[in-house]
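Student:
In the numbering used here, the protein residues as written are 45 to 330.
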């Protein structure tokens, strides 16, 4: 099964020029069987699919629900949750990576770094947090090992990181424009129709392959070093917006019902959920 595992839609990402339906149509023309919608800190693109297209058109094409989450210390993370789990906190940017890992794993989801060797601030290995906590890579379920909007060297580095830690690799176009659609792919060894099936394949370490071609018409390719200013501006914007949502995130995290000691452990380590928490974490679902 051939999918694009990193897709930004106009309905969900303000920087994308591609509507959900146009995205689907182009992928079908290029021989894809499905896509993972990964808009920035929102599920609005997937909501559009579910409300306007699902069950009405493109019935043989699989659309999966994901998100590209902006952490406050480790760059962008791709997250996939089981289809029956809906968490408001995942649409509130700014969690530190250990807290994100805890929340995702507590509810049965998977998480991995997007473009891990990409731009400063936005990419995991180019953050201070990674330099001080390299072994947290063990906590990831997968790594985006091919991103069409990164150069060959950065993708090779991502693949090497996945190999060192024994993690499955995803390939995604990271498309924001139509001419980037279909430049990357992930091949699954069997067909999936819902998020929990994808999660099961990843956790079972199924033979997932990936590949594609480099898209060299990104903004950074066009404007060169000026792009560094834009990246820094986005980092500041992300920090400010993340701080503005801190109270809302705290309001959601209280449903996890953790003691101070457990918060200290899980939010720093991103460790697995304790059995006694299983009955409490469901209260955070909305």
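Every residue gets a Cβ at the ideal spot worked out from N, C-alpha and C, and that includes glycine. Treat the numbers as computed from the prediction; the structure is a model and nothing was measured.
In angstroms, rounded to a whole number, what distance separates the CA positions of residue 66 and residue 176?
Tutor: Locating residue 66 in the chain shown gives position 22, where the first residue counts as 1. Locating residue 176 in the chain shown gives position 132, where the first residue counts as 1. Rounded to whole angstroms, residue 66 to residue 176 spans 42 Å at the Cα level.
Student: Taking its Cβ as the centre, do 16 or more other Cβ atoms sit within 10 Å of residue 225, making it buried, or is it exposed?
Tutor: Taking the first residue of the chain shown as 1, we reach residue 225 at position 181. Under this definition residue 225 is a buried residue.
Student: For residue 51, name the three-state secondary structure that DSSP assigns.
Tutor: Reading the chain shown from its first residue, position 7 is the one you call residue 51. Correct three-state label for residue 51: strand.
Student: Rounded to the nearest angstrom, how far is the Cβ of residue 202 from that of residue 160, given a contact under 8 Å?
Tutor: On the chain shown, position 158 is the one that residue 202 refers to. On the chain shown, position 116 is the one that residue 160 refers to. About 5 Å separates the two Cβ atoms, so the contact holds.
Student: For residue 338, I'd like the list of residues in its chain whose CB is within less than 6 Å of its CB, leaving aside the five on either flank, ordered along the chain.
Tutor: The structure shown has nothing for residue 338, since the chain only spans 45 to 330.
Student: Assess contact between the segment 207-225 and the segment 84-99, defined as three or more Cβ pairs (one per stretch) separated by less than 8 Å. Is contact present?
Tutor: no
Student: Relative to the C-alpha of residue 118, which candidate in 140, 108, 131 has its C-alpha closest?
Tutor: Walking along the chain shown from the start, residue 118 turns up at place 74. 140 is the residue among 140, 108, 131 whose C-alpha sits nearest the C-alpha of residue 118.
Student: In the structure shown, what three-state DSSP assignment does residue 206 receive?
Tutor: Here residue 206 is taken as the residue at index 162 of the chain shown, counted from 1. Residue state, collapsed to three classes: helix.
Student: What does residue 243 pair with, by DSSP beta-bridge criteria?
Tutor: Taking the first residue of the chain shown as position 1, residue 243 is located at position 199. In DSSP, residue 243 forms no bridge with anything.
Student: So, using beta-carbon positions, are residue 214 and residue 45 closer together than 7 Å?
Tutor: The sequence position of residue 214 within the chain shown is 170, counting from 1. The sequence position of residue 45 within the chain shown is 1, counting from 1. Not closer than 7 Å, so no.
Student: Which of helix, strand or coil does DSSP assign to residue 95?
Tutor: The residue labelled residue 95 in the question sits at position 51 within the chain shown. Looking at residue 95 - three-state DSSP - the assignment turns out to be helix.
Student: My output table needs one value for residue 267: the three-state DSSP class, helix, strand or coil.
Tutor: Walking along the chain shown from the start, residue 267 turns up at place 223. Because the pLDDT of residue 267 is 46, which lies under 50, any placement of that residue in the model is unreliable, and the number read from its coordinates should be weighed accordingly. Looking at residue 267 - three-state DSSP - the assignment turns out to be helix.
Student: Using 8 Å as the threshold, is the segment 243-263 in touch with the segment 98-112, meaning 3 or more CB pairs across them?
Tutor: no
Student: Return the Cβ separation of residue 154 and residue 246 in integer angstroms, given the expectation that the two are a contact with Cβ distance under 8 Å.
Tutor: Here residue 154 refers to the residue found at position 110 of the chain shown. Here residue 246 refers to the residue found at position 202 of the chain shown. Between residue 246 and residue 154 the Cβ distance is about 5 Å, and since that is below 8 Å, they are a contact.
Student: Smallest Cα separation from residue 218: which of 239, 168, 258?
Tutor: Start at 1 with the first residue of the chain shown, and residue 218 comes out as number 174. Among 239, 168, 258, the Cα nearest to that of residue 218 belongs to 258.
Student: State the Cα-Cα distance for the pair residue 126 and residue 84, rounded to the nearest angstrom.
Tutor: Within the chain shown, numbered from 1, the residue matching residue 126 stands at position 82. Within the chain shown, numbered from 1, the residue matching residue 84 stands at position 40. Taking the straight line from one Cα to the other gives about 18 Å.
Student: Taking the CB atoms as reference points, tell me whether residue 200 and residue 156 lie closer together than 7 Å.
Tutor: Within the chain shown, numbered from 1, the residue matching residue 200 stands at position 156. Within the chain shown, numbered from 1, the residue matching residue 156 stands at position 112. Result no, Cβ atoms of residue 200 and residue 156 do not sit closer than 7 Å.
Student: Who are the near neighbours of residue 241 in its chain, counting only those whose CB is closer than 7 Å to its CB and skipping five residues on each side?
Tutor: Along the chain shown, one-based indexing puts residue 241 at 197. So the list is empty, once near-sequence residues are dropped.
Student: Can you list, in chain order, the residues of its chain with a C-beta nearer than 7 Å to that of residue 123? Leave out the 5 residues immediately preceding and following it.
Tutor: Taking the chain shown and counting its residues from 1, the one referred to as residue 123 is at position 79. For residue 123, where only same-chain residues beyond five positions count, the Cβ hits under 7 Å are 110, 111, 113, 134, 148, 153, 155.
Student: Residue 316 to residue 205, Cα distance in whole Å?
Tutor: Along the chain shown, read from residue 1 onward, the residue named residue 316 stands at position 272. Along the chain shown, read from residue 1 onward, the residue named residue 205 stands at position 161. Caution applies to residue 316, whose pLDDT of 47 falls short of 50 and renders its modelled position unreliable; the model cannot decide the point.
Student: Tell me the start and end of each unbroken beta strand (DSSP E) in the segment 96-154 that is at least 3 residues and wholly inside, in chain order.
Tutor: 106-114, 120-124
Student: Could you pull out every residue in the same chain whose Cβ sits closer than 7 Å to the Cβ of residue 184, ignoring the five residues on either side in sequence?
Tutor: Residue mapping note: residue 184 aligns to position 140 of the chain shown, counting from 1. Answer for residue 184: 155, 156, 157, 211, listed in chain order.
Student: I need the straight-line Cα distance from residue 55 to residue 130, nearest angstrom please.
Tutor: Taking the chain shown and counting its residues from 1, one reaches residue 55 at position 11. Taking the chain shown and counting its residues from 1, one reaches residue 130 at position 86. The alpha-carbon atoms of residue 55 and residue 130 are separated by roughly 19 Å.
Student: DSSP state of residue 253, grouped into three classes?
Tutor: Counting from one through the chain shown, the residue named residue 253 turns up at place 209. Strand at residue 253.
Student: Return the first residue and the last residue of the beta strand (DSSP E) that residue 172 is part of.
Tutor: Reading the chain shown from its first residue, position 128 is the one you call residue 172. First-last for residue 172: 172-176, but that is the alpha helix (DSSP H), not the beta strand (DSSP E).
Student: Mind checking which residues open and close the alpha helix (DSSP H) that includes residue 73?
Tutor: As a first step, residue 73 is located in the chain shown; it is residue number 29 there, counting from the start. Its alpha helix (DSSP H) spans residues 64-73.
Student: Among residues of its own chain, excluding the 5 on either side of residue 329, which ones have a beta-carbon nearer than 7 Å to its beta-carbon?
Tutor: Translated into positions along the chain shown, residue 329 becomes position 285. Confidence in residue 329 is poor, its pLDDT being 42 and thus under 50, which makes the residue's placement unreliable; the coordinate value appears in the next sentence. Taken in chain order, the residues that qualify are 129, 130, 131.
Student: Give every residue of the same chain whose Cβ lies closer than 8 Å to the Cβ of residue 61, excluding the five residues on either side of it in the sequence, and list them in chain order.
Tutor: Start at 1 with the first residue of the chain shown, and residue 61 comes out as number 17. Only 54, 220, 221, 222 meet the Cβ criterion.
Student: If you draw a straight line from the C-alpha of residue 145 to the C-alpha of residue 172, how long is it?
Tutor: As a working note, residue 145 is residue 101 in the chain shown. As a working note, residue 172 is residue 128 in the chain shown. For residue 145 and residue 172, the distance between alpha carbons rounds to 18 Å.
Student: Quick one: what's got a C-beta closer than 7 Å to residue 168's C-beta in the same chain, skipping five residues either side?
Tutor: Start at 1 with the first residue of the chain shown, and residue 168 comes out as number 124. So the qualifying residues of the chain are 118, 119, 157, 160, 174.
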